[in-house]
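Report on the following structure.
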């Protein structure tokens, strides 16, 4: 109910999409990417959502889109709201929010490196972050083939064997008693 009231208030000021209440104090709102920045600023300045908890991405390969989710927290009211936007996968780019929350620049650097999503104007966004010397497709994209990459990059090591994880753990936990 509380999150529905917040959504109703926001809907009077902003064109919003789907509303999904997860719990009494957690909801997600879908909106157009061009409308995100003003809504974030409003939530921070007028609704008490002072903390950016996280910024993450989902690769919707089949739809040719990335979903960006911005999770905000209002510490005073113990509320969280997630804002979801969809952006095209090709030439993926999104407005930076580092001026609203400086910590966002770290999330944006990670998403740039791992998904290939650009955040123009974000500090150090084009510097290597996690994958020093990486020169392949961003590895969190769903069309990145990890097995092919490993076979192409690393040699087979002699003596390495593959085991069924369930059988291996059963043996580790129960020893010979696990065979009964």
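Residue numbers (my numbering): 4 to 183. Glycine included, every Cβ here is placed at the ideal spot set by N, Cα and C.
Here the alpha carbon of residue 158 sits roughly 16 Å from the alpha carbon of residue 165.
Going by beta carbons, residue 40 and residue 100 fall inside the 9 Å limit.
Using a 10 angstroms sphere on the CB of residue 20, the tally of other CB atoms stays under 16, which defines it as exposed. According to the DSSP assignment, residue 59 belongs to the beta strand (DSSP E) that extends over 54-63. Non-local C-beta neighbours of residue 97 in its own chain, meaning closer than 7 Å and more than five positions away in sequence, comprise 36, 71, 90, 120 and 122, ordered along the chain. Per the coordinates, the alpha-carbon of residue 76 lies some 18 Å from the alpha-carbon of residue 60. It is roughly 21 Å from the alpha-carbon of residue 15 to the alpha-carbon of residue 53. One Cα belongs to residue 25, the other to residue 32, and the distance between them is close to 11 Å. Of the residues 107, 140 and 17, the one whose Cα lies closest to the Cα of residue 117 is 140. Residue burial is scored here from C-beta neighbours: residue 83 has at least 16 other C-beta atoms within 10 angstroms and is therefore classed as buried. Annotation for residue 94: no beta strand (DSSP E) segment contains it, and DSSP assigns it neither H nor E.
Between the C-alpha atoms of residue 154 and residue 128 there is a straight-line separation of about 30 Å.
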